[in-house]
Amino acid sequence: MSTLSELFLTYQSLIGFVGIDALLALSVYATLCCGQLSLANAGFMAIGAYAAAILTFHTKLPFAAVLLASALAPAAFAVPLGLPVLRLRGVFLAIATIGFGEVVRLALVNWDFTNGALGLVAIPQRAGLLTIYLILGIALFFFARLRGSKLGYALDSIREDETAARTMGINTTLAKLSMFVFGAALAGVAGGLEAHFTFMVAPSGYSFSRVVDMLVYAVVGGVATYVGPPVGAAFMTLLPEVLRGLGESVGLGPGPLRLFVSGAILLAVVLFLPNGIVSLPLLVAAVRMRRQRG
Amino acid sequence: MHRFHEPLIFALAASFAAYGADAVKVGAALSMTGPAAVYGTAQKNGIQAAVEDVNKGGSLKSVRLEAVFDDDGSKKEQGINVFQKFINQTRASVIIGPTLSTTATAADPIAQQSKVPVLAISNTAPTGITDIGDYIWRDSLTEGQVIPGAVKKARARLGFKTAGVLYGNDDVFTKAGYDVMKKALDNEGVQILETQTFAKPDRDFNAQLTALKSKNPDILVISALADNAASIVTQARQLGYTGPVLGGNGFNSPAFIKNAGSAAEGVLVGTAWNSSSQDPANQAFLKSMRDRGISPDQFTAQAYAGVLIIAEAIKQAGMKGSREDIKAGFAKVRDLPTPLGKFSFTPARDALHEPSVQQVKGGKFEILQ
Amino acid sequence: MGQQAINGIFLGSIYALFAVGYTLVFGVLDIINLAHQAVFMLGAFFALVLVGTLHVSIAVALPIAVLFSGALGILLDRIAFRPLRGRADSNLAGLITSIAVATLFEAIALQLFGPDTSRFPFGTFPERRLQVGAAVVSTLQLGIVAISVVLMVILTYLLRRTRLGRQIRAVAESPRAARILGIDVDRVIAASFFISSALGGAAGVLFALAFNSLSPDVGRSVELKGLAVIILGGMGSVPGAVLAGFAIGLIEVFTVAYLGSSYRDAVSFAVLFSVLLIRPRGLLGRAALREA
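Chains as they are written, first to last, in the numbering used here: chain A, 300 to 593; chain B, 357 to 725; chain C, 636 to 927.
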């Protein structure tokens, strides 16, 4: 049916973006699930993306190897960064990691070998929907195995009360660092995928607002379980496109008004769905039960 | 999602029928929100005016142009989404835009893959745009085509031997401009005493300007976009710098003069659009924008010219407006009268027309003789 | 050298004024208010409308814009922060709601004023250039530094010597204890937001006057710089923010003069990192900022 194939062609890129954004949301969730707010992931994503692009241009490595490198490169940065920085409390960790992200972006803008502001262009499209969702599936699998594992319980107890966890003998430093590095690897691989899906990388794509977007995906979806962040990513990535399509029929043309509606929806979701979108079915069920009881 | 789009598809089909099979859809992918919104808005004004003028003028006989606008949010992902929509859903015959070079390097390959012609109206990156493929064309002169002439002319007039250079290093437009300025100055034997940079969001340039002024250069050469340009020049004068200033394309905007006020006097600008040109095509454009109450800048002019070029391509293809027709028609555009002057494409599908050098005199741009 | 010092003090005074509001809210609520830069921007636009369209003099427009920004702060508290009080994730959620409101404010500004850069009309502030040795200072610059300092002095007096100030400090110390002592915590928080946003708006107006540039995205350039300032100064410490504001202003300017402008922003972040790793409580902040 021509309408279906037309729909697919129109939205194929969008579907890819949803997958990549889901990975990014999970990368932020990786540290959130042990109670740490790390906002370095735009920087890690940039490192992974550029590393992957450079490898594609200068070597004949198969794409799987390139993706592996895009995960390992930021992980290598995450270890020396994480050790000192994870000792900081809540908002200070957040600010330190924001600083890291900005330094990465500034370095990319100012260096000639990364081609400064224009970035690297004409990257062959080696990542398709299948690859993106395969990697997403692997990431989800990891998180699923985390639940109920020793590390998983350790993370839960760290999130509840880190001091108590340490007293109980849990190596909190190792646990937090592992998730920090894992988050970096996820962001890096998402960067590598995106580089090979959108044909180019440039520093402007890895700004502070990028990591803020990732955080928003996770929180809007719900950070109680690993299902929340991908749902939040899908919601926030599809939202402007739904508004774009819907908007025309209701007279909401391109421009500030659409931006306003996005902001209002974000506010509403955080205020009225404190546990994220995934808690919506539970909320609906609870309301229904309360009504039945009279 | 399917539910939202069924009625939309019917609506599109219905409007298509209403316009008759002779409506050629021009998809305008512009930045209407985000950091590039200033330029996207100017471009929308130019495109809208041109489409109306072309349809009213009747030069395309029974063929009508229909512009469909959408916002790429100054982001490459949204740019890609808009392109996909234009290509697969709106079924545009040609796409005009996107505003930023970085968006173009991400979205244009998709148009190339889908064999849809794209006319860039503000992408000035020296490489990475038209190199993408034979469906990608542009009417915006790169700084490489504008600056060398400006430096040469300015030097002939003012005879400067040393220069201080200031440029924005986080924007493709201004960085590319700097690369060209440096080469042009070197070629002219001008010694660059000091180079300073800034970032687009910056508003305070006192530190850089003080450092530049302290070296006592004969001239300040600046690569910046209009809003930064105004602040830079104002602050330079406030700091007591009295020497000449030479700017690139980004200075070519009424906003520059408006925001810089008296500080803009005497500034030399290398530009792709000679706003004071007495050419009938330019005068008609100026009148058209005046009637709409819009003060045009270079972005408006290049956008307006873009639509004229598309119309010419359709004419050259025998009044036919399919994707292949427009692509073939572009190749036949030669010395077309536009607000930018007589326009043709280079064999590499880049813009070819005479750039100019202007000077701000009495609060207005004047051509430098 | 002297000129650069003047540039640094000038820039620093605006950073300090911006950061003071930022740090006040953090001290009281433990939250980074990412909408502060949007209030900064709207306050400036409000003053621009008064001066540019209604031809009010800047001497009158500035205080009115300051009050307007304060009111925006109260609105911000009501819609983005108060509904979250008591929620376990209030810090994280508050971060996001402040982002959402910043988006709303920016969209409104974009719709009302368009994306173009505007400036205050010429002659808004009497400008004259004065020679100080080899350096040049304008009366505008002197005026801005003076106004910033006056506002910061007023704030310090308010916090130290008034009842409201004592209540704010009590709530910052411990909201629960404050409530037990009979303090209306919600009202005090609202007052803190009023003050914080009023100062933020003032900073915005002065910024727009200082650099002749105002657009809906003007807040972005100071947002991250502001974080570096409050970290250096010590989170929650108003005198710290003042000191750090001037320090960062001077550091930035001298970095440009001696290292090159590419390093300008990077140095601020380097300072941020060093402070967080070596002495997280900053210059004048309270201790105990690591995990216990």
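For each residue, glycine too, the CB sits at the ideal point set by N, CA and C.
Taking a C-beta cut-off of 9 Å against chain C, the contacting residues of the region 585-598 of chain B are 586, 587, 590, 591, 594, 595, 596, listed in chain order. Residue 689/B is a Cβ neighbour of residue 669/B, given a cutoff of 8 Å. The alpha carbon of residue 700/C has as its nearest neighbour, out of 833/C, 785/C, 708/C, 730/C, the alpha carbon of 833/C.
Here the alpha carbon of residue 402/B sits roughly 19 Å from the alpha carbon of residue 748/C.
Near chain B, meaning a CB-to-CB distance below 9 Å, the residues of the region 637-650 of chain C are 638, 639, 641, 642, 643, 645, 646, 649.
Only 415, 416, 417, 418, 420, 421, 424 from the region 415-442 of chain A bring a Cβ to less than 8 Å from some Cβ of chain B. Residue 379/A is classed as exposed because its beta carbon has fewer than 16 other beta carbons within 10 Å across all chains shown.
In this structure the region 429-437 of chain A lies against the region 303-321 of chain A, because at least three pairs of beta carbons, one per stretch, are closer than 8 Å. Look at residue 698/B here: in three-state DSSP terms it is strand. The three-state secondary structure of residue 921/C, taken from DSSP, is coil. If you draw a straight line from the Cα of residue 583/A to the Cα of residue 442/A, it comes to about 27 Å. Secondary structure within the region 656-736 of chain C: the alpha helix (DSSP H) runs of 4 or more consecutive residues, fully enclosed, are 671-683, 693-711 (chain order). Straight-line spacing of the CA atoms in residue 679/B and residue 528/A works out to 41 Å. Within the region 471-553 of chain A, no run of beta strand (DSSP E) at least 3 residues long lies entirely inside it. Using a 10 angstroms sphere on the CB of residue 615/B, the tally of other CB atoms reaches 16 or more, which defines it as buried.
In the DSSP annotation of this structure, residue 557/A is not part of any beta strand (DSSP E); the continuous alpha helix (DSSP H) holding it starts and ends at 555-571.
Uninterrupted alpha helix (DSSP H) stretches at least 4 residues long and entirely within the region 574-628 of chain B occur at 582-594, 610-616, given in chain order. Taking 4 residues as the minimum length, the alpha helix (DSSP H) runs contained wholly in the region 414-445 of chain A are 428-445, in order along the chain. Taken in chain order, the members of the region 477-505 of chain A whose beta-carbon sits within less than 8 Å of a beta-carbon on chain B are 497, 498, 499, 501, 502, 503, 504. Under a criterion of Cβ atoms nearer than 7 Å, the residues of chain A adjacent to residue 528/B are, in order, 416, 417. At a beta-carbon threshold of 7 Å, the residues of chain A lying near residue 718/C are 570, ordered along the chain. Looking at the backbone, the Cα of residue 487/A and that of residue 407/A are separated by about 15 Å.
Judged by beta-carbon spacing, residue 422/B lies within the 8 Å limit of residue 379/B, meaning their Cβ atoms are closer than that value. What residue 850/C touches in chain B, judged by beta-carbon distance under 7 Å, is 583, going in chain order. In terms of beta-carbon proximity, residue 559/B lines the interface with chain C, with at least one pair separated by less than 8 Å. In the three-state reduction of the DSSP assignment, residue 387/A falls in the strand class.
Within chain A, the residues placing a beta-carbon under 8 Å from that of residue 736/C are 562, 566, ordered along the chain. Taking a cut-off of 8 Å for Cβ pairs, the region 490-504 of chain B and the region 528-536 of chain B touch, as three or more such pairs fall below it. With three or more CB-CB distances shorter than 8 Å, the region 658-670 of chain C counts as touching the region 864-871 of chain C. Residue 727/C and residue 572/A have their C-alpha atoms spaced approximately 14 Å apart. Rounded to whole angstroms, the Cβ separation of residue 835/C and residue 675/C is 5 Å, and the two are in contact under 8 Å. The Cβ atoms of residue 391/A and residue 483/A do not sit closer than 8 Å to each other. Taking a beta-carbon distance threshold of 8 Å, residue 675/C does not count as an interface residue toward chain B. Taking residue 361/A as the centre and dropping the five residues before and after it, the same chain places no C-beta closer than 7 Å to its C-beta. DSSP, reduced to helix, strand and coil, places residue 781/C within a helical segment of the structure shown. Excluding its 5 nearest sequence neighbours in each direction, residue 410/B has C-beta neighbours in its own chain below 8 Å: 416, 421, 663, 664, 667, listed in chain order.
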